[in-house]
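Chains as they are written, first to last, in the working numbering: chain A, 2 to 402; chain B, 2 to 402.
There are 2 protein chains.
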Amino acid sequence: MYTFTPAFEAPTGSPIRELFKYLGQPGMISFAGGYPASDLFDRDGLDAAAARASQQTTLCLQYGPTDGLPVLKEELAKLMTRRGTPCTAPELLVTTGSQQGFDLLLRVLVGAGDVVLVEQPAYPATLQALKLQQADVVTVPVDQDGLDVNALAALLEAGTLKRPPKLLYTVPTFANPTGATLSYARRIALLELATRHRFLIVEDDPYGDLRFAGAALPSLLALSAEVPGSRDWVVHFSSLSKIVAPGLRVGWTVAHAEILRRCIVAKQTVDLCSSPWTQVIAAEYLASGALEVHLPKIVAAYAVKCTTLCDALDTHLKDDIAVHRPAGGMFVWGRLAGGYDASAYLKTCIGQNVMFVPGVAFYKDNVDLASLRLSFAAPGVSDIEAGVLRMKQALERFAAV
Amino acid sequence: MYTFTPAFEAPTGSPIRELFKYLGQPGMISFAGGYPASDLFDRDGLDAAAARASQQTTLCLQYGPTDGLPVLKEELAKLMTRRGTPCTAPELLVTTGSQQGFDLLLRVLVGAGDVVLVEQPAYPATLQALKLQQADVVTVPVDQDGLDVNALAALLEAGTLKRPPKLLYTVPTFANPTGATLSYARRIALLELATRHRFLIVEDDPYGDLRFAGAALPSLLALSAEVPGSRDWVVHFSSLSKIVAPGLRVGWTVAHAEILRRCIVAKQTVDLCSSPWTQVIAAEYLASGALEVHLPKIVAAYAVKCTTLCDALDTHLKDDIAVHRPAGGMFVWGRLAGGYDASAYLKTCIGQNVMFVPGVAFYKDNVDLASLRLSFAAPGVSDIEAGVLRMKQALERFAAV
């Protein structure tokens, strides 16, 4: 009989995925998912793009270049330029979602025991990917202005890290899970720190285009033009998953040429290429200009949903759950008052047919047990209102125990 | 300025990919690629499948389950059963080509320094993937009946391996690069060895359905029913890349439940899921029965191409290049007579506008410099004949130097 002998103590699976089983519960209202709203996909625009892709049979059906189809790379470079972060097609690597880009980067750059800095709370798949690569993860706290750059500077100067850090992972705009956006001053300070201490900033930017309030801030990659020598130290990830559709599995990496070259060599080995078919569809979609027409509709809908959620929380749970209103993205981060544990509260909520993700999923250490993440992207407006009412009822039950 | 500090000495890229630059040379006839013939894709069948997929917008556009869409897993299980290797949907993991399946397996199972056995000559991406995972690769020779199982038995009993091997990688049917097929007796012997010595057999089977001569042999996974206790020791990889189209990027893994579970956890981290959109297209294509109608056309065309290549080599280069006619697949393996180096000969061939892959690309050690791989899949019949004539002219020039 076969007995599995693992390469090392591997990750045990995403704690969020553990919650998926409750999604099938009849009548469940979920604030738990990180999925974009299915009913906001640009079906007509994507149908038209798919029809044009079908005319390019060989391009869709044959193997493609490992770094991505040139036609898509050109469109992504134009998209980056429209976003205020100019880059060229050769600076781009197309991946199966930006998550693959991060995994490839870790594989070529981070060995077992290498020190990696991560903002905390953080996207759980990031923590899992670092565990899979056996990195020594050191966390840096986040507040409502994003990564605490002063705390990072203190950490770097304290000399307590086992090795010089190879990279720092951050979602500077509408972070998952906190919804926070790194301030301009902190962006500049972070670029200076990276350049001085010679670590890569991994800027993960899937949500940047989903801004519904306030003025846009330049990405770290764009701002690197203001900090001499810093551009080499920024690796920028982005994705069509949240602004077009995850099913395309189109993400991309912009990085220093030598990093990109090594990631491409690794990708040859990992999967040869991401699906050329969906790459052609994505290229046709972007070239058609449909994104610029449709994206404002998604953003407007998310604005309404976010306001609905935050207003309902204010109305019904003002003294019980403290939240910070984000200016974009998909997530609201909250804290339970009264010293309650969000994981225990979740159990009562599931009994009331409403769910969220307890904050513990986003921590490696120093867990804030009272924290929780609510996503407003997928549920409809009336479900959001009903869901908050159920959370209120659940809290009454929970507090009464 | 940024200086790259790699995690370890990483692979340098596929030696075959280095040849790609010559593909653009005007008038080049290439026996080098491992690509299926673009003009044999079932365009109508796939167009129809894509049109049906487009009706299932949310399934195509949203994130899918990490292990693959249930509808595709059901169709792949049926395909496996039609092939004589019955399995159920829960035993399957859908990956971005079978190459990703192998990479995931290595990541969860093989640590730095773990011993991995590989048939040699072998598919280069396998050697690269093992290098990326820092495995200790030990090669086992291959002859015209496939892996030399006696040599493997001797190696296992000699006690010279640094650690007990974790797995053995083989393409038992129409191997890349040799075209060889493992005999029935050797299949049974290999299953017995794996069970006794407790190593996994990684059976990579992308070409098994491309048989144009002789009677089919059961896969190792199917034959495991004949060798008590052996099924747990077989990990089976297959793919739609060579029988439908690579652009779908649909491969799958069948393995022991614990192995599969760990691979799925790793895939959550690596890319969340392979493209649901192309998974729906693949499922629709398989469900339509189009594969059973179209595949015989591909096989018949490859039969003609293979015969054309082998006949032309017999006619023009009989005393110069010894080849073994395969019974299926995409590759003919040859050896240059006269003690010549195939890499040097390739240079002269490229000057004559014809190319192949020198055998050195497929070896880790004990390189047979005279060997070479010719693929008959992609070029047309008249190009195959013209290509062999050019090889003959090149050999005359080459031998004259």
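By construction, the Cβ of each residue, glycine as well, lies at the ideal position given by its N, Cα and C atoms.
Alpha-carbon to alpha-carbon, B/Pro37 and B/Thr58: Within the model, the alpha-carbon separation for B/Thr58 versus B/Pro37 is close to 30 Å.
Supposed contact pair B/Leu169 and B/Leu221 - C-beta distance, whole angstroms, cut 8 Å: Contact check for B/Leu221 and B/Leu169: beta-carbon distance about 11 Å, past the 8 Å limit, so the pair fails to qualify.
Proximity of A/Gly85 and A/Pro219 at Cβ, strictly below 7 Å: Going by C-beta atoms, A/Gly85 is nearer than 7 Å to A/Pro219.
Test: B/Val111 CB closer than 7 Å to a CB of chain A: At least one beta carbon of chain A lies nearer than 7 Å to the beta carbon of B/Val111.
Beta carbon of B/Pro178 nearer than 7 Å to that of B/Arg374: Yes, the Cβ-Cβ distance between B/Pro178 and B/Arg374 is below 7 Å.
Contact check, B/Lys243 vs B/Pro207, beta carbons under 7 Å: At the C-beta level, B/Lys243 and B/Pro207 come within 7 Å of one another.
C-beta atoms of B/Leu77 and B/Trp253 nearer than 7 Å: Between B/Leu77 and B/Trp253, the CB-CB gap stays under 7 Å.
A/Val227: contacting residues in chain B (beta-carbon distance under 7 Å): Per the sequence presented here, residue 227 of chain A reads as Glu, with Val not at that position. Those within 7 Å of A/Glu227 in chain B number zero; the least Cβ separation is about 17 Å.
Endpoints, beta strand (DSSP E) assigned at A/Thr140: That run of the beta strand (DSSP E) goes Asp137 to Asp144.
Touch test, the segment 171-189 of chain B against the segment 142-151 of chain B, Cβ-Cβ under 8 Å, three pairs minimum: With a cut-off of 8 Å, the segment 142-151 of chain B and the segment 171-189 of chain B count as touching, because enough Cβ pairs lie within range.
Nearest-angstrom Cβ-Cβ length linking A/Ala328 and A/Ala214, presumed shorter than 8 Å: Between A/Ala214 and A/Ala328 the Cβ distance is about 4 Å, and since that is below 8 Å, they are a contact.
Cβ-Cβ distance between A/Leu183 and A/Leu211 below 7 Å: No, these two residues do not count as a Cβ contact at 7 Å.
Where A/Tyr3 meets chain B, residues with beta-carbon distance less than 7 Å: In chain order, Asp233, Trp234 and His257 make up the part of chain B whose C-beta sits under 7 Å from the C-beta of A/Tyr3.
Best match in A/Ser225, A/Ala378, A/Lys306 and A/Asp205 for proximity to A/Ile189 [C-alpha to C-alpha]: Nearest C-alpha to A/Ile189: A/Ser225.
Nearest-angstrom Cα separation, counted from B/Ala126 out to B/Val203: A straight-line Cα-Cα distance of about 14 Å links B/Val203 and B/Ala126.
Residues bridged to B/Gly335 (per DSSP): Paired residues: B/Val324 and B/Leu373.
Euclidean distance between Cα positions of B/Ser275 and B/Ile260: Distance between the alpha carbons of B/Ser275 and B/Ile260: 19 Å.
Endpoints, alpha helix (DSSP H) assigned at B/Gly46: For B/Gly46, the uninterrupted alpha helix (DSSP H) segment begins and ends at Arg44 to Ser55.
Buried versus exposed, by CB contacts within 10 Å (16 or more), B/Pro71: B/Pro71 is exposed by the Cβ-count criterion.
For A/Ser31, the nearest candidate out of A/Cys350, A/Gly360 and A/Lys365 (CA to CA): Cα-wise, what sits closest to A/Ser31 is A/Cys350.
Validate contact between the segment 80-94 of chain B and the segment 123-138 of chain B using beta carbons, cut 8 Å, 3 pairs: No: the two stretches stay apart, fewer than three of their Cβ pairs being nearer than 8 Å.
Rounded straight-line distance, which links the Cα of B/Met356 to that of B/Ala362: Computed Cα separation, rounded: 14 Å.
Same chain only: Cβ atoms within 6 Å of A/Arg108, ignoring 5 sequence neighbours per side: Answer for A/Arg108: Ala267, listed in chain order.
Neighbouring residues, chain A, relative to B/Cys264 (Cβ below 8 Å): Here the premise fails: no neighbours, minimum Cβ distance about 10 Å.
CB contact below 7 Å: A/Leu377 versus chain B: The identity of residue 377 of chain A in the sequence shown is Phe, whereas the question assumes Leu. Chain B contact via Cβ: absent.
Where the segment 204-223 of chain A meets chain B: residues whose CB sits under 7 Å from a CB there: Within the segment 204-223 of chain A, no residue has a Cβ that lies closer than 7 Å to any Cβ of chain B.
Proximal residues to B/Gly340 (C-beta, below 8 Å), its chain only, five neighbours per side dropped: Correct list, in chain order: Ala371.
In DSSP terms, what A/Phe238 is bridged to: For A/Phe238, which the question treats as bridged, DSSP gives the partners A/Asp205 and A/Thr254.
Classification of A/Pro122 by the beta-carbon crowding that lies within 10 angstroms, buried from 16 upward: Result: buried.
Cβ shell of B/Asp321 (< 6 Å), same chain only, five flanking positions each side left out: Here the set comprises Ala338 and Leu396.
Residues bridged to A/Thr171 [DSSP beta-bridge criterion]: Looking at the DSSP assignment, A/Thr171 forms a beta bridge with A/Glu204.
Residue burial classification, B/Leu24 (beta-carbon count within 10 angstroms, cutoff 16): By the 16-neighbour rule on beta-carbons within 10 angstroms, B/Leu24 is exposed.
Neighbour list for A/Ala51 in chain B, Cβ cutoff strictly below 8 Å: Within chain B, Ala51 and Ser55 have C-beta atoms less than 8 Å from the C-beta of A/Ala51, given in sequence order.
8 Å Cβ cut-off: residues of chain B touching A/Gly98: The contacting residues are Asp272 and Leu273.
Nearest residue (CA-CA) to A/Asp40, options A/Leu241, A/Asp366, A/Ser55 and A/Ile299: Closest by alpha carbon: A/Ile299.
Any C-beta of chain B under 7 Å from that of A/Pro277: Using a Cβ-Cβ cut-off of 7 Å, A/Pro277 counts as an interface residue toward chain B, since at least one Cβ of chain B sits closer than that to its own.
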